[in-house]
Amino acid sequence: MSADQVEAPPFPQRRTCPYQPPDSYREIAERGPLNEVTLWNGRRVWLFTGYAESREILSDPRLSSDRSFDAYPTMAPHLGAEEARKLVLVGEDPPSHDLHRRLLNPEFGLKHARALRPRIESDINGLIDAIEKKGPPSDLVPDFAVPIPGLAMSALLGIPYEDHDFFQEATAGVMQARDEDQTNAAGKALFGYLDKLVTAQEKNPGDELLGRLARRVLDGEVGHEELVQLSMVLLIAGLETTSSMIPLSLVALFDHPDQLEALREGRVTIQSAVEELLRITAVTDFGGVRWVTEDIDIAGRRLKAGDGIVISSTMANRDPAVHDDPYTFDLARGSRQHLTFGFGIHQCLGQSLARTQLEVAFETLLRRLPQLRPAVPTTELKMRQSGTMQGLVTLPVTW
Ligand code: HEM
Numbered sequence: 001m002s003a004d005q006v007e008a009p010p011f012p013q014r015r016t017c018p019y020q021p022p023d024s025y026r027e028i029a030e031r032g033p034l035n036e037v038t039l040w041n042g043r044r045v046w047l048f049t050g051y052a053e054s055r056e057i058l059s060d061p062r063l064s065s066d067r068s069f070d071a072y073p074t075m076a077p078h079l080g081a082e083e084a085r086k087l088v089l090v091g092e093d094p095p096s097h098d099l100h101r102r103l104l105n106p107e108f109g110l111k112h113a114r115a116l117r118p119r120i121e122s123d124i125n126g127l128i129d130a131i132e133k134k135g136p137p138s139d140l141v142p143d144f145a146v147p148i149p150g151l152a153m154s155a156l157l158g159i160p161y162e163d164h165d166f167f168q169e170a171t172a173g174v175m176q177a178r179d180e181d182q183t184n185a186a187g188k189a190l191f192g193y194l195d196k197l198v199t200a201q202e203k204n205p206g207d208e209l210l211g212r213l214a215r216r217v218l219d220g221e222v223g224h225e226e227l228v229q230l231s232m233v234l235l236i237a238g239l240e241t242t243s244s245m246i247p248l249s250l251v252a253l254f255d256h257p258d259q260l261e262a263l264r265e266g267r268v269t270i271q272s273a274v275e276e277l278l279r280i281t282a283v284t285d286f287g288g289v290r291w292v293t294e295d296i297d298i299a300g301r302r303l304k305a306g307d308g309i310v311i312s313s314t315m316a317n318r319d320p321a322v323h324d325d326p327y328t329f330d331l332a333r334g335s336r337q338h339l340t341f342g343f344g345i346h347q348c349l350g351q352s353l354a355r356t357q358l359e360v361a362f363e364t365l366l367r368r369l370p371q372l373r374p375a376v377p378t379t380e381l382k383m384r385q386s387g388t389m390q391g392l393v394t395l396p397v398t399w
């Protein structure tokens, strides 16, 4: 390794275990709560690995999420694409961010997630019926993990599930593309699709989220294009995250039979288990990407205006100052002290919905298929190549 690579190692790096970070991240974190790393394009940015420091910086108003500035760190080649840069909400700063959050927050509380729960339960039972009918083996990526958020988001927004092949492929196309062209093509196709749906809702508003928001367009509170962009970000944020997390979590459970048994036998609650699965898998190695608008002093370092910042939720979730024995997977830990949903003004809007889907998914699957086990050694499972969102290509199981 060259001196430069030691000083500012490459980031992100591939996970070899689906739910544990590469050893090199541990070495970075052991040097201190923030360190310089080098992105794919040679740019140096600050990587935050300390839990307290990550929360402190994510609460600082001198940071920006605005991706239209060159100072915003591009984490992978395709994320430089216009369609990825113009995402509303997640890519906005106050005051427009506040306006959009105020519009959407009332739709994403615990109450709303609870109201959707029976529908989520019945959809997940339907998926398991189909898995049982087909008989073993089953690939839980296409048969279980991908349809769960597809069904939930279509129920929430009021989008026809018959279109799921298209909208799931297009959202994956934006997030997991090979290059900018692919991201732009997927983003434009998704925009066109949602534009038509929103227009139809404006003519004849339904009772689901898109219909309720279309009424706000008619009242002049939101623009038509603004609503299309908001629905686009909701779909992108709501699908890939949850569908990637389910297989990673199942592998973590399969690899720890004692923990799996404790969950099956009710010795740990499903809520506690989901919290530990969120903490340990983290899904993405960069839970928050920002740039600095004014010099900031933090943890003995000076961050200069224009510097890029990346929060490693993976490592902040393993900060030994917060969790004893942080690499140990312990479902009984059940701590919400993790940054898997981010922190500060951009903290995940859909976290109650995500928790509900994960709780129902694991609880129902383990109850209905008590003999469930991997059909190949978990060490042979192939991880998705894109470094944006961690995930498995396939998860063959039997029972
Ligand atoms: C396991 C599942 C999920 C994980 C790990 C996750 C993670 C995250 C993280 C880390 C952020 C913060 C990004 C930042 O600070 O830049 C975020 C924001 C967001 N999430 Fe999630 N998410 C999940 C599920 C969902 C679901 C189901 C929805 C449903 C619509 C959703 C919608 C959003 C939205 C709209 C934002 C942007 C909020 C803002 O910028 O104000 N997420 N999510």
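Per the working numbering, the very first residue in the sequence shown carries number 1; after that it's consecutive. For each residue, glycine too, the CB sits at the ideal point set by N, CA and C.
For the 7 Å CB-CB criterion, LEU213 and THR171 do not form a contact. Excluding residues up to 5 positions away in sequence, PHE254, VAL397, THR398 and TRP399 lie with their Cβ nearer than 8 Å to the Cβ of ARG373 in the same chain. Within the same chain, ILE311, SER313, LEU339 and GLY342 come within 6 Å of GLY287 by CB-CB distance, once the 5 residues on both sides are set aside. Going by beta carbons, HIS78 and GLU180 fall inside the 7 Å limit. Taking 7 Å as the cut-off, the Cβ atoms of ARG85 and ARG67 count as close. Cβ contact annotation for ALA189 (same chain, cutoff 6 Å, sequence separation greater than five): ALA170, in chain order.
Per DSSP, the beta-bridge partners of PHE48 are LEU34 and ILE311. Rounded to the nearest whole angstrom, the CA to CA distance from ALA177 to SER386 is 8 Å. Secondary-structure assignment with DSSP links ASP297 through a beta bridge to ARG302. Taking each of PRO137, ARG101 and LEU156 in turn and checking the Cα distance to ASP123, the smallest one comes out for LEU156. Contact between the stretch 317-326 and the stretch 49-69 is present: three or more C-beta pairs spanning the two stretches fall below 8 Å.
Listed in chain order, the non-local C-beta contacts of LEU209 below 7 Å within the same chain comprise GLU107, LEU156, LEU157 and GLY158, local neighbours out to five positions each way being set aside. Distance check between VAL45 and each of GLY300, ASP60, TYR72 and ARG62 places TYR72 closest, using alpha-carbon atoms only. Taking a cut-off of 8 Å for Cβ pairs, the stretch 325-338 and the stretch 246-262 touch, as three or more such pairs fall below it. The nearest non-hydrogen atom of the ligand HEM is 6 Å or more from the C-beta of PHE167. In the DSSP assignment, LEU63 is bridged to VAL292. Look at THR364 here: in three-state DSSP terms it is helix. Taking the Cβ of GLY308 as the reference point, every heavy atom of the ligand HEM lies at 6 Å or farther away.
In the same chain as SER64, and ignoring 5 residues on each side of it, the C-beta atoms closer than 7 Å to its own belong to ASP93, ARG290, TRP291 and THR293, in chain order.
For VAL174, the shortest separation between its Cβ and any heavy atom of the ligand HEM does not lie below 6 Å.
Per DSSP, the continuous beta strand (DSSP E) segment holding THR398 begins and ends at 396-398. Contact between the stretch 196-209 and the stretch 89-103 is absent, with fewer than three C-beta pairs closer than 8 Å. According to DSSP, ASP139 shares a beta bridge with PRO396. Within the same chain, VAL222 come within 6 Å of ARG216 by CB-CB distance, once the 5 residues on both sides are set aside. GLY109 has its Cβ no nearer than 6 Å to any heavy atom of the ligand HEM.
Bounds of any alpha helix (DSSP H) do not take in ASP319, whose DSSP letter is neither H nor E.
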